[in-house]
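Novice: When we follow the working numbering, the leftmost residue of the sequence shown carries the number 4, and every step to the right adds one.
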Amino acid sequence: LQKIGHIEGINVFPDFNNLAYDSIVGDYAFSSGTMALRESRLSGSDANASTTGTIELPTNRLNLLAVVNVRNVPFIPDLKITGTPDNPVVRPQLPKQAVDAGKKLLQQGANQLLKGILGR
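(1) Measure the C-alpha to C-alpha separation of glycine 56 and aspartate 25 and round it to an integer number of angstroms.
(2) Which runs of the beta strand (DSSP E) at least 3 residues long sit entirely within the segment 41-104? Give them in chain order.
(3) Residues bridged to serine 34 by DSSP?
(4) Return helix, strand or coil for glycine 122, following the three-state DSSP convention.
(5) Roughly how many whole angstroms lie between the Cα atoms of serine 46 and alanine 69?
(6) Taking the C-alpha atoms as reference points, what is the distance between serine 48 and arginine 74?
(7) Return the CA-CA distance between asparagine 51 and valine 71, expressed in angstroms with no decimal places.
So, in structure tokens, the structure goes:
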């Protein structure tokens, strides 16, 4: 999370290496070179982070979903993490309802813009 916790030089997440945790829980399974993270959770007063998914150990390929809650940060989408630990690729995973609402707003705005341009 440290590698992805910066936006334009601003720290979005606290330094997870220097947080006091109330609990650290992990449930992992290993099979045929794959580590399955059934549950990997850090809980503390400043932040909670939970990760599930898989890591292909021979190649270090990540296929993870992280859910992060940080005190004083109102909304952080779930994060899909792929790539490798050295070069993670992080994409927000917005709920389908939020994506659909955004599409509807864009369509309505485009329709109004076209009506204004075309005068219809």
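Glycine included, C-beta positions come from ideal geometry on N, C-alpha and C.
Specialist: Working from what's here:
(1) 23 Å
(2) 50-59, 64-73, 81-86 and 91-96
(3) Thr37
(4) coil
(5) 13 Å
(6) 8 Å
(7) 6 Å
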